Every structure is written in structure tokens, then in C-alpha cells.
Amino acid sequence: MYQIPFTRTALGAAIFAATTTMAVAQPMLEEVVVTAQKRTESLQDVPISVNAVAGDKMMEAGITNMEALTAYVPNFSMNQTGLTSNITIRGISSGVNQAFEQSVGMYVDDIYYGRAQLARSPLL
């Protein structure tokens with residue numbers, strides 16, 4: 132007679148422990164932090180359009196330069212010519228005249244790439 136209540140209690144404790152473990156193991160979304168305005172902000176608080184590619188995804192896909200990102204970022208293309216690279220983001224393209232500043236600004240690790248030729252350099 133004494134084993135039945137003990138078995139029910141043990142079974143109840145096991146079920147409770149399993150449900151709490153399952154609740155902890157659920158995946159959570161990571162917050163994307165943006166420093167575009169020279170301060171740390173959540174992506175939802177910044178009034179700009181951002182496409183984020185995780186570093187793990189870049190390593191897994193073997194992305195070593197900006198041109199390889201065109202497969203992962205929508206409306207982003209790079210066309211290389213003999214002298215320069217033509218970069219287009221959402222319909223806005225860098226000009227072909229080397230005397231003018233680029234219409235498309237590129238920053239890699241907070242360093243401004245002023246000319247499209249720099250997009251050919253490898254990412255570190």
C-alpha cells in the first residue's frame with residue numbers, strides 16, 4: 132500500500148522535471164545590435180534598412196569577399212569591369228566615373244571603402 136503513493140509522487144516529479152527542462156531548451160531569437168549611428172542600438176530602434184548575415188553563416192558558406200555576399204543579400208549585386216566594380220544596392224548604383232564619390236557607401240569593420248575597387252579585397 133505504501134508503494135503506490137510513492138510511485139505516483141515519483142512519476143509526478145519526473146513529469147514536472149521533464150517539462151521544466153523542455154521549456155529551458157527552446158531556441159530564442161538573438162537581438163541584432165546596430166552601431167550605424169556610432170552608438171549601440173537594437174535593430175528595431177534604428178530607422179535604416181539593414182541586412183544582417185551571421186558570421187557563422189559566412190564561415191559555413193565560405194564567404195571571403197563582398198562579391199560572395201550577393202547570393203545572401205537581396206537586391207545587392209556587383210559587376211566587375213576591367214577598371215572597377217559596379218555596386219548596386221536596391222537600384223542605386225555606384226557611378227562609372229572615377230572622379231566622383233560613390234553613390235553606394237561601403238563600410239567594413241567601421242572602415243569606409245571610398246572606391247568600388249576596395250570591394251574586391253578579401254574580408255578578414
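Quick note, the sequence shown lines up with residues 132 to 255 if you use the working numbering.
Glycine included, every Cβ here is placed at the ideal spot set by N, Cα and C.
Note that the structure is a prediction, hence the values are computed from the model and not measured.
Here DSSP, grouped into helix, strand and coil, assigns Thr219 to strand.
For the pair Gln248 and Phe207, the Cα-to-Cα distance works out to about 16 Å.
Only buried fits Met209, as 16 or more other CB atoms lie within 10 angstroms of its CB. In the DSSP assignment, Met237 falls outside any alpha helix (DSSP H) and within the unbroken beta strand (DSSP E) covering Met237 to Val239. The straight-line gap separating the alpha-carbon atoms of Gln168 and Tyr244 is approximately 17 Å.
Of the candidates Ala192, Thr219, Thr215 and Asn196, the residue whose Cα lies closest to the Cα of Pro205 is Thr219.
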